[in-house]
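Heads up: the sequence shown begins at 1 in full-length UniProt numbering, then just goes up one per residue.
Backbone N, C-alpha and C fix where the C-beta goes; we use that ideal spot for every residue, glycine too.
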Amino acid sequence: MKGKIKIVSVSKGYDEVPGIKEWLELKKEVKESGITVIDSIYFDENSITGGGSKYNKDKFDDYELPLFYKDSQREIPSLDELEMMVSSWDKDRQKKFFNKFKTYQNFLDVYTNGFKNTIIVPCDYRTMASNAGSEEYMYKGEGGWSWAIPYFSGVFALALQVNPSLTNDEFLEIVRETAGKNKKGIKVINPEGIIEAIKKSTK
């Protein structure tokens with residue numbers, strides 16, 4: 001049917017609230033009819049999270065895991081930071097470290113293993129419209145999935161304009177294939193790359 005709804009963006013988690021069971025049942029029904037509901041469960045199931053770039057949003061290198069993660073999850077040292085840290089150790093500790101990690105990439109492979117297939121979608125360090133007035137703006141350092149979900153949904157909607165027959169699984173595959181990487185090896189959504197890849201595949 002022409003003009004059929006294909007995506008529903010829901011910036012919502014799922015605590016025990018009235019109507020939640022009915023909502024989850026409804027999600028199953030709309031999925032069967034070909035509608036993709038993008039929400040916190042979708043993010044969780046597909047290894048998608050938030051994050052952001054404090055300095056340069058056009059450089060994948062600058063993107064970090066979301067500020068709402070624990071520091072222990074976010075603080076993967078850069079090569080320079082790691083070199084400084086290791087140089088301060090005694091020789092025995094250095095020897096054990098270098099026996100375990102031959103290269104910085106070996107180190108990253110171990111310490112980013114839990115995030116190896118994760119895709120960062122911008123939610124931190126954002127300037128946006130403010131509810132203080134029609135001409136007011138506000139800046140927030142720490143965001144959340146409720147901000148990343150509409151962004152991801154918007155990219156999917158743009159992709160459907162290029163190829164209206166694109167399925168959710170096909171879109172996710174393209175998202176992973178075209179993703180950029182930050183300096184610690186974690187993937188970042190690449191909207192421009194996604195659209196270009198879809199254009200090439202539909203020629």
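Closest residue to residue i among the options (Cα-Cα distance)
i, options, result
"Ile76", "Phe68, Lys31, Val175 and Glu64", "Glu64"
"Ser201", "Lys184, Val188, Glu173 and Asn182", "Glu173"
"Val8", "Ala197, Ile189, Lys183 and Ser153", "Ser153"
"Ile198", "Glu170, Ile120 and Lys59", "Glu170"
"Val30", "Gly51, Val17, Ser47 and Ile5", "Ile5"
"Tyr151", "Gly133, Ser165 and Val121", "Val121"
"Lys103", "Asn117, Lys116 and Leu82", "Rather than Lys, the amino acid found at residue 103 in this sequence is Thr. It is Leu82."
"Phe68", "Phe101, Ala129 and Glu142", "Glu142"
"Leu160", "Val17, Ile35 and Asn117", "Ile35"
"Val155", "Pro191, Lys116 and Phe101", "Pro191"
Inter-residue spacing [alpha-carbon to alpha-carbon] between residue i and residue j
i, j, result
"Ile38", "Val175", "14 Å"
"Asn131", "Cys123", "18 Å"
"Ile195", "Gly144", "25 Å"
"Gly193", "Thr167", "18 Å"
"Phe43", "Tyr14", "13 Å"
"Ser33", "Gly19", "21 Å"
"Lys140", "Asn99", "43 Å"
"Met138", "Arg126", "8 Å"
"residue 224", "Gln94", "One cannot answer for residue 224 here, as it falls past the ends of the chain, which runs 1 to 203."
"Asp92", "Ile119", "37 Å"
"Tyr106", "Pro66", "Before going on, a small fix: residue 106 reads as Asn here, not Tyr. Rounded to whole angstroms, Asn106 to Pro66 spans 23 Å at the Cα level."
"Ser47", "Glu22", "25 Å"
"Leu158", "Met84", "44 Å"
"Glu45", "Glu136", "36 Å"
"Lys203", "Ser165", "14 Å"
Local Cβ density within 10 Å of residue i, reported as buried at 16 or more and exposed below that
i, result
"Ala148", "buried"
"Thr49", "buried"
"Leu24", "exposed"
"Ser87", "exposed"
"residue 285", "In the structure displayed, the chain extends from 1 to 203; residue 285 sits before or after that span and is not available."
"Val17", "exposed"
Three-state secondary structure (DSSP) of residue i
i, result
"Ser78", "coil"
"Gly13", "coil"
"Ile48", "strand"
"Glu196", "helix"
"Met1", "At Met1 the pLDDT is 46, less than 50, meaning the model places this residue with poor confidence; the figure from the coordinates comes in the next sentence. Note: Met1 maps to coil in three-state DSSP."
"Ala129", "strand"
"Tyr104", "helix"
"Val121", "coil"
"Gly180", "strand"
"Lys187", "strand"
"Ser53", "strand"
"Glu64", "strand"
"Lys140", "strand"
"Ile7", "strand"
"residue 204", "Here the chain covers residues 1 to 203 and nothing more, so residue 204 does not appear."
"Lys96", "helix"
Same chain, Cβ closer than 8 Å to residue i, neighbours up to 5 away in sequence not counted
i, result
"Trp89", "Phe97"
"Lys12", "Asp39, Ser40 and Ser146"
"Trp108", "Note that residue 108 is Leu in the sequence shown, not Trp. The answer, listed in chain order, is Ile76, Lys184 and Gly185."
Contacts around residue i, its chain only, beta-carbon distance under 7 Å, and the 5 residues preceding and following it disregarded
i, result
"Lys27", "Val37"
"Phe60", "Gly180, Lys181, Asn182 and Val188"
Cβ neighbours of residue i in the same chain (closer than 6 Å, five flanking residues each side left out)
i, result
"Asp62", "Ser53, Tyr55 and Asn56"
"Phe101", "Phe107"
Residue-chain proximity (residue i, chain D), Cβ-Cβ < 9 Å
i, result
"Glu136", "Considering every chain present, this structure includes no chain D. It has just one protein chain."
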